[in-house]
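The next block holds one structure in the form of structure tokens; read it before the comments.
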Amino acid sequence: MIVASGGGAISLRVAVLGSGSSGNCTFLATDRVKILIDAGLSQREMARRLAHLGERLEEVQAVVVSHEHTDHVNSLARLAKLYRIPVYISPLTRAALASQTSLLAVETFQPGSSFQIADLTVEPFTIPHDAVDPVGFRFTAEGVRIALATDLGYLPANVKDYLRGCHGLIVESNHDLEMLRTGPYPWFVKQRVMSREGHLSNTALGDYLRNEYDGEAQVMVLAHLSQQNNHPQIARVEATAALEQSKAQRSVPQTRLVVSTQEEPTEMFWF
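The numbering used here puts the first residue of the sequence shown at -11, with every later residue one more than the last.
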């Protein structure tokens, strides 16, 4: 049986330590293993935020990497060397980091093929983003499924498939289209963000939630919000309205909505 919010039989726990253009990192644990998804925050910040949640950076046993952009790998080499933990990464992403990142222990994976870390099943899936081999992840332990999909320009069919049936979702809600269009970014950057290999807008996520979301997630975390082209309340209002419409149209269960920030971790979510 799945029990959320901290009691009963627990299979997975997860917290977003920070998410945004300045650094991304998520903590996930089972009874047997503790991992990080990406290591874009400084070592000090990762340690501080984990301590706030009652966890220790020294107890992390692996890092899985979504893609090579700096805001996802800034502290990867230092973390891996200091704690001598393996880094799980696709071969193409590893090659993209070869000239700047020395890694002691590397375990490679192929997008579309699952692998194990202790009792945790990890399913990396291809996402549309302007990196060499970007992936999202679905994690499963004891029948509980958590998916993370950020840094993607749109939601293709394969990503929607991996999001179905998950008990927890961490999904991108990067920008408000009007704020981006009228904001300070140069036009070529705006084009990049809005492209099909850029970042997911509040509107695009809302369309998915309204029309295709299965309603299975107990908790949904909005992630990778732009500090220049979005606001937590705008993202929350748009996603909430979409979820309410989805619930009214298809009688899906209630999903708790949480907005992550760049500055502080979310609470720990227990499943």
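Backbone N, C-alpha and C define an ideal beta-carbon position, used for all residues, glycine too.
Asked                                                                                             : Found
Cα-Cα separation between residue 156 and residue 69, rounded to whole angstroms                   : 31 Å
Cutoff 8 Å; reference residue 59; Cβ partners in own chain excluding five residues on either side : 8, 9, 10, 11, 12 and 28
Residue(s) in a DSSP beta bridge with residue 104                                                 : 109
Boundaries (first-last residue) of the alpha helix (DSSP H) holding residue 194                   : 190 to 199
Those residues which DSSP pairs with residue 258 across a bridge                                  : 1
Any 3 or more C-beta pairs closer than 8 Å across the segment 29 to 37 and the segment 49 to 56   : no
Identity of the residue in 256, 202, 44 and 215 nearest residue 235 by Cα                         : 202
Same chain, Cβ closer than 6 Å to residue 79, five either side skipped, listed in chain order     : 96
Minimum length 3: unbroken beta strand (DSSP E) runs contained in the segment 24 to 75            : 50 to 52
Buried/exposed call for residue 87, threshold 16 Cβ in 10 Å                                       : exposed
Alpha carbon of residue 23 to alpha carbon of residue 17, nearest angstrom                        : 6 Å
Buried/exposed call for residue 121, threshold 16 Cβ in 10 Å                                      : buried
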